[in-house]
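**Q**
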Ligand SMILES: [Mg+2]
């Protein structure tokens with residue numbers, strides 16, 4: 006690869022690699038009441054009424070996902086893989102470049118899609134949950150920076166990936182990685198957020214465009 010090409014690609018998962026928002030899916034599976042309370046919490050966080058970083062744990066506590074529901078979500082992630090994403094990710098890795106998943110989602114739900122794509126487990130970064138022996142939710146890894154609003158930047162900085170590094174995502178927590186990487190691509194294939202796409206280095210709406218950006 007040329008010196009000005011990308012050697013490492015950081016990919017977001019929810020609404021970027023896969024067409025699903027994990028916590029929303031888990032909340033919906035718990036019924037309308039939980040789903041509405043989670044939405045309200047998200048809305049208040051976005052409006053600045055509650056601290057974004059406290060919302061992570063509060064939403065999970067409301068949803069209290071069982072091991073069984075997390076396993077079901079894993080199947081949903083695999084089924085909701087973005088069109089062309091599997092082929093493009095494999096081509097990028099076959100070219101000698103690294104693909105790293107950095108997600109604020111649930112590690113145990115994301116692992117299977119990484120396995121399917123052949124992404125090594127050491128390149129999968131998300132928030133691990135704890136369960137009791139019956140599979141009931143017992144909390145999350147509160148030491149993970151990924152449970153915070155600026156955590157993706159911290160992770161991107163500490164991974165020491167081969168440069169140049171391209172980060173790809175749909176949300177503000179992805180955009181927060183921009184100072185730690187060489188370029189940021191807004192992925193708008195599932196949802197286009199103007200606050201992210203308008204300030205991105207480049208906007209891509211499908212994985213063919215990602216392949217062109219990285220491989221040519
Ligand atoms: Mg996302």
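Numbering (our numbering), first residue to last: 6 to 221. Using N, Cα and C, we set each Cβ at its ideal position, and we do this for glycine too. Here the structure is a predicted model, which means the values were calculated and not measured.
Are there 16 or more other CB atoms within 10 angstroms of the CB of residue 26, so buried, or fewer, so exposed?
**A** The residue labelled residue 26 in the question sits at position 21 within the chain shown. Its Cβ being crowded by 16 or more others within 10 Å, residue 26 is buried.
**Q** Going by DSSP, what residue range makes up the beta strand (DSSP E) through residue 106?
**A** To locate residue 106, count along the chain shown from 1; it is residue 101. Taken as a continuous stretch (DSSP letters only), the beta strand (DSSP E) holding residue 106 covers 103 to 111.
**Q** Go ahead and label residue 51 buried or exposed: buried means 16 or more other beta carbons lie within 10 angstroms of its beta carbon, across all protein chains shown.
**A** Start at 1 with the first residue of the chain shown, and residue 51 comes out as number 46. By the Cβ-count criterion, residue 51 is exposed, with fewer than 16 other Cβ atoms from all chains shown falling within 10 Å of its own Cβ.
**Q** Quick one: any contact between the segment 197 to 210 and the segment 24 to 41, if contact means 3 or more CB pairs under 8 Å?
**A** no
**Q** Alpha carbon to alpha carbon, how far is residue 144 from residue 116?
**A** For the purposes of this step, residue 144 is taken as residue 139 along the chain shown, with counting starting at 1. For the purposes of this step, residue 116 is taken as residue 111 along the chain shown, with counting starting at 1. If I take the Cα positions, the gap works out to 18 Å.
**Q** Counting Cβ pairs closer than 8 Å, one from the segment 80 to 93 and one from the segment 124 to 144, do we hit at least three?
**A** no
**Q** List the endpoints of the continuous beta strand (DSSP E) containing residue 87.
**A** On the chain shown, residue 87 is found 82 positions in, with the first residue counted as 1. It is not in any beta strand (DSSP E) - residue 87 carries neither H nor E in the DSSP assignment.
**Q** Considering only the beta carbon of each residue, do residue 220 and residue 201 sit closer than 8 Å?
**A** The residue you call residue 220 lines up with position 215 of the chain shown. The residue you call residue 201 lines up with position 196 of the chain shown. Not a contact, by the Cβ cut-off of 8 Å.
**Q** With a CB to CB cut of under 8 Å and the five nearest residues on each side skipped, what residues in its chain are close to residue 226?
**A** Here the chain comprises residues numbered 6 to 221, so residue 226 is not present and cannot be evaluated.
**Q** Is residue 103 close to ligand 1? I mean its beta-carbon at under 7 Å from any heavy atom of the ligand.
**A** Here residue 103 corresponds to residue number 98 of the chain shown, with the count starting at 1. No - ligand 1 has no heavy atom lying nearer than 7 Å to the Cβ of residue 103.
**Q** Would you call the segment 135 to 150 and the segment 171 to 187 in contact, with 3 or more CB pairs under 8 Å?
**A** Result no; under three Cβ-Cβ pairs closer than 8 Å.
**Q** From residue 72 to residue 157, what does the alpha carbon distance come to, in whole angstroms?
**A** Position 67 of the chain shown, counting from 1, holds the residue named residue 72. Position 152 of the chain shown, counting from 1, holds the residue named residue 157. So the two alpha carbons sit approximately 25 Å from each other.
**Q** Using a 10 Å radius around the Cβ and a threshold of 16 neighbouring Cβ atoms, would you call residue 119 buried or exposed?
**A** In the chain shown, the residue the question calls residue 119 occupies position 114. Counting every other CB atom within 10 Å of its CB across the protein chains shown gives residue 119 a total of 16 or more, marking it as buried.
**Q** Let's see if you can read the secondary structure: which residues bound the alpha helix (DSSP H) around residue 162?
**A** Translated into the one-based positions of the chain shown, residue 162 becomes position 157. Where residue 162 is concerned, the enclosing alpha helix (DSSP H) stretches over 156 to 163.
**Q** Assuming contact is defined by CB atoms lying nearer than 8 Å, are residue 28 and residue 64 in contact in what I supplied?
**A** Counting from 1 along the chain shown, the entry for residue 28 is found at position 23. Counting from 1 along the chain shown, the entry for residue 64 is found at position 59. Cβ distance < 8 Å, so residue 28 and residue 64 count as in contact.
**Q** Note down the Cα distance separating residue 210 from residue 170, rounded to an integer number of angstroms.
**A** As a first step, residue 210 must be located in the chain shown, where it is residue number 205. As a first step, residue 170 must be located in the chain shown, where it is residue number 165. About 19 Å.
**Q** Can you give me the C-alpha to C-alpha distance between residue 31 and residue 21, rounded to a whole angstrom?
**A** As a position in the chain shown, residue 31 is number 26, starting the count at 1. As a position in the chain shown, residue 21 is number 16, starting the count at 1. Each residue's Cα considered, the two are about 18 Å apart.
**Q** Please confirm whether any heavy atom of ligand 1 lies closer than 7 Å to the CB of residue 20.
**A** Your numbering for residue 20 matches position 15 in the chain shown. The answer is yes for residue 20.
**Q** Mind checking which residues open and close the alpha helix (DSSP H) that includes residue 135?
**A** The count along the chain shown starts at 1 and reaches residue 135 at position 130. In the DSSP assignment, residue 135 falls outside any alpha helix (DSSP H) and within the unbroken beta strand (DSSP E) covering 134 to 136.
**Q** Taking DSSP's pairing of strands, which residues face residue 208 in a bridge?
**A** Taking the chain shown and counting its residues from 1, the one referred to as residue 208 is at position 203. The bridge partners DSSP lists for residue 208 are 191.
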